[in-house]
Structures are given as structure tokens and as C-alpha cells.
Amino acid sequence: MKKFILSFSAIITLSLSGVIAQSNGIEIRLDGLGADLSGTEVIINLSTGNYDANMHVTNNTGADEGWKITRRKISVPATWTDVLCWGPNCYPASGDLYTTPGAAPIVTNGTELFSTGEVADLHMTITPDLTSTSSALYRYYITNTLGAYVDSIDLSINFTLGVTSLKQTTSLTIIPNPADNNVTIALGGIENSSVKIIDVLGNVVYNESINNGTKSIDVSNFKNGVYFVLVEAPGIKSFNRKLIIRH
Numbered sequence: 014m015k016k017f018i019l020s021f022s023a024i025i026t027l028s029l030s031g032v033i034a035q036s037n038g039i040e041i042r043l044d045g046l047g048a049d050l051s052g053t054e055v056i057i058n059l060s061t062g063n064y065d066a067n068m069h070v071t072n073n074t075g076a077d078e079g080w081k082i083t084r085r086k087i088s089v090p091a092t093w094t095d096v097l098c099w100g101p102n103c104y105p106a107s108g109d110l111y112t113t114p115g116a117a118p119i120v121t122n123g124t125e126l127f128s129t130g131e132v133a134d135l136h137m138t139i140t141p142d143l144t145s146t147s148s149a150l151y152r153y154y155i156t157n158t159l160g161a162y163v164d165s166i167d168l169s170i171n172f173t174l175g176v177t178s179l180k181q182t183t184s185l186t187i188i189p190n191p192a193d194n195n196v197t198i199a200l201g202g203i204e205n206s207s208v209k210i211i212d213v214l215g216n217v218v219y220n221e222s223i224n225n226g227t228k229s230i231d232v233s234n235f236k237n238g239v240y241f242v243l244v245e246a247p248g249i250k251s252f253n254r255k256l257i258i259r260h
């Protein structure tokens, strides 16, 4: 059994479970790196706030495929909430079984990219009941256009109430990425912060404050290339994410 330490408060353990595991050419990787997690159970031991993850989905099936995501609550306390992002949109997932609405985004064969050029990022944010120790089991299915489940991954979360549990952990979501004309920056667990966008030469090309957790930024005049979104706020260590501009 393999263990990967993500932070001081979250440990991932991989093990075979009842999820769908096939030689189907689908791969799921945390932030696009490391082992293929498809067909495994990811165990998270959490003591500080919400769990926020980005799973990149790679299509090696031999053809472009349209996929949705179906989230199933296997065993989840009623007071827990979760948000599911797939394609350009995020959804406050509801009910025991939830499938992303609308048309199924196309994932290009041989890549982890949608046909739009954006990363095929399965992003989930799970917020436990911060007042009590509890655990939950979620299952995420890759669902084809016929509604069939073709792959999946389990998230098992054990939340332990600690002295810092009343404050959510910080998170940064960038949608879409790659971006063309506009990009939305969404922050979790931070009330007041400054956001900088820095190019590969170290030049600050954008610097503004965010007070409500979300900011839409016009990047239509930015040159194509790689940038870094840097978040700074009182009382936390600054952190960043990569942003790609592609017109």
C-alpha cells in the first residue's frame, strides 16, 4: 500500500476498492502528476477545513470522447457539502447521485485537454461539518454520453476536529485554464487578499485585491504564454498556481 503526504493535514493512501477499474485508456492523476488513481480509493485524513483537489483526466482510448462526471454519496453526513467542477463550470452538487448537467465536454484523444484546449480538470471541493469528528465516502464516475460509467475514483475522508478546524484551509481555483479573454479567480478560506499575475520573466502584469473571494480578470491583452497567479493574505503563507494564456 502506497502513501503520499500532500500537506501537514492530509495523507492520501491508495488501495483497490469497489470502484470501476478497467484497461480502458482513462487515467486520473492529482494535479496531472504521479500515479494513475483511476480505480482506486483515495483516503484523506483531514484536520483543518475543506478538502480541495484537482484531478486531471487523460483520454488514451483511441478516440475523442464526450464525458460527464457523476458524483455518488456512498456514506456522507447530511451536514457535509460539496462543489463539483468539470469543464468551464462549477456546480453545487446536490442529492445522493449528481451528474454534471448539459452537453458532455469532449476530451481529446491522447491528451488531458478538452476540445477547447482547457485542461480536463475534475475539481472537487468537499466541506465537512467543522463542529464534529466524522467521515465520508464519495465516488466519482467518468460517465459517457450513453450514461454508462466507464471509470471512477473513490474519496474517503476522515475529518478530525482539531484546534484549528474552525478556520477553512485555503484554496485557489482558476477557470478556465488555459484562458483566452477572461479568467475567474476563486479563493476559499480567505476573506481579504491580494492577487498578482506574474509572467515568466518575473514582471507583475496584474495586481489587485479580492474581498469577496471571486474576481473576473480581463486577460485579452496578455501575451500568449505561461503566467503565475500569486495569492498573498495576512496570516497565511503565500501560494501560487500556473495560468496559461492562449488566444
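All letters in the sequence shown, in the order written, are residues 14 to 260 by the working numbering.
For glycine and all other residues, C-beta sits at the position ideal for the given N, C-alpha and C.
Owing to the predicted nature of the structure, the values given are computational and were not obtained by experimental measurement.
Chain-order list of residues whose beta-carbon lies under 7 Å from that of residue i (same chain, five-residue window excluded)
i, result
"Asp49", "Glu40, Ile41 and Arg42"
"Gly172", "Per the sequence presented here, residue 172 reads as Phe, with Gly not at that position. Closer than 7 Å at the Cβ level, and outside the excluded window around Phe172, lie Leu59, Pro141, Thr146, Ser147 and Ser148."
"Leu179", "Here Leu179 scores only 40 on pLDDT, less than 50, and its place in the model should not be relied on; the value that follows carries that caveat. Leu143, listed in sequence order."
"Thr113", "Lys81, Ile82, Leu97, Trp99 and Tyr104"
"Glu125", "Gly45, His69, Val70, Thr71, Val132 and Ala133"
Contacting residues, own chain, Cβ-Cβ under 6 Å from residue i (five flanking each side not counted)
i, result
"Leu110", "Arg85"
"Phe235", "Ile258"
"Thr74", "Gly38"
"Ser222", "Ser207"
"Cys98", "His136"
Proximity test, Cβ basis, 8 Å: residue i and chain B
i, result
"Ala91", "Given the protein chain composition of this structure (a single chain), no chain B is represented."
Residue i classed as buried or exposed, judged by whether at least 16 other C-beta atoms fall within 10 angstroms
i, result
"Val213", "exposed"
"Ser251", "exposed"
"Pro247", "exposed"
"Pro189", "buried"
"Asn72", "buried"
"Leu168", "buried"
"Gly108", "exposed"
"Leu200", "buried"
"Thr158", "exposed"
Straight-line gap, residue i to residue j (C-alpha atoms, nearest Å)
i, j, result
"Ser79", "Leu174", "It is worth fixing the name first, because residue 79 is Gly in this sequence and not Ser. Taking the straight line joining both Cα atoms gives about 40 Å."
"Pro105", "Ala66", "15 Å"
"Val163", "Asn37", "8 Å"
"Thr186", "Thr144", "25 Å"
"Glu54", "Arg152", "9 Å"
"Ile87", "Ile211", "42 Å"
"Gly45", "Tyr64", "17 Å"
"Tyr240", "Ala76", "31 Å"
"Glu131", "Asp142", "33 Å"
"Asn47", "Asn224", "Strictly speaking, residue 47 in this sequence is Gly, with Asn absent from that position. Cα to Cα, Gly47 sits roughly 35 Å from Asn224."
"Ile155", "Tyr219", "36 Å"
"Val89", "Gly226", "27 Å"
"Ser184", "Thr94", "16 Å"
"Thr92", "Asn237", "43 Å"
"Ile139", "Thr129", "27 Å"
"His69", "Gly52", "14 Å"
"Val196", "Lys228", "8 Å"
"Gly215", "Ile230", "19 Å"
"Ile56", "Val217", "38 Å"
Beta-carbon proximity list for residue i, same chain, < 8 Å, skipping 5 on both sides
i, result
"Ala192", "Val232, Leu256, Ile257, Ile258 and Arg259"
"Ala116", "Gly79"
"Phe127", "Gly100, Pro118, Ile119, Val120, Thr121 and Ala133"
"Asn205", "Ser222, Ile223, Asn224, Ala246 and Pro247"
Residues bridged to residue i [DSSP beta-bridge criterion]
i, result
"Leu200", "Leu185"
"Ala192", "Ile258"
"Val261", "Examination of residue 261 is not possible in this model, given that the chain is present from 14 through 260 alone."
"Ser206", "Ile223"
What ranges does the beta strand (DSSP E) occupy inside the segment 98-185, keeping only unbroken runs of at least 3 residues that lie completely in it? If we require 3 residues or more, the beta strand (DSSP E) runs fully inside the segment 98-185 come out as 102-105, 110-112, 134-140, 147-157 and 162-172.
What ranges does the beta strand (DSSP E) occupy inside the segment 47-105, keeping only unbroken runs of at least 3 residues that lie completely in it? 53-59, 64-72, 78-88, 94-99 and 102-105, all fully within the segment 47-105.
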